[in-house]
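Enquirer: Below: one structure in structure tokens.
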Amino acid sequence: MNTQKKNLVWQLQEAKAMFSEVIKAAALKPQTITIRGKEAAVILSVQEYKKLIRPSQTLYEFIQKSPLRDVDLELPQRLQEEMREINL
0 MNTQKKNLVW QLQEAKAMFS EVIKAAALKP QTITIRGKEA AVILSVQEYK
50 KLIRPSQTLY EFIQKSPLRD VDLELPQRLQ EEMREINL
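Position 29 (the sequence shown) corresponds to 28 in numbering that gives the first Met the number 0; numbering is contiguous.
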């Protein structure tokens, strides 16, 4: 296959035979692998993968943007119980 063509969908047998071409093409656009005509996997560049797994915001940012940020919670008092003795 000519690398200039840059398939987007590959049959499994073709992808196995031309794996290096699939990887090169994935650097430009995600490549779909099919098995018996059904989509089975996608190969994408490391940069695209990192975009997918990177949180869009930190936990702090999430809490700060929460509409419930200023809600006062009424939590019940904890019971003050005596410590239990545990035999180890």
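Glycine included, C-beta positions come from ideal geometry on N, C-alpha and C.
With DSSP as the reference, identify every bridge partner of residue 32, one or two as the case may be.
Expert: Looking at the DSSP assignment, residue 32 forms a beta bridge with 9 and 40.
Enquirer: Can you find at least 3 beta carbon pairs, one from the region 28-38 and one from the region 5-19, that sit closer than 8 angstroms?
Expert: Yes: the two stretches touch, three or more of their Cβ pairs being nearer than 8 angstroms.
Enquirer: At the level of alpha carbons, what is the spacing between residue 58 and residue 64?
Expert: For residue 58 and residue 64, the distance between alpha carbons rounds to 10 angstroms.
Enquirer: Mark residue 38 as exposed unless 16 or more other C-beta atoms lie within 10 angstroms of its C-beta, in which case mark it buried.
Expert: Exposed, because fewer than 16 other Cβ atoms sit within 10 Å of the Cβ of residue 38.
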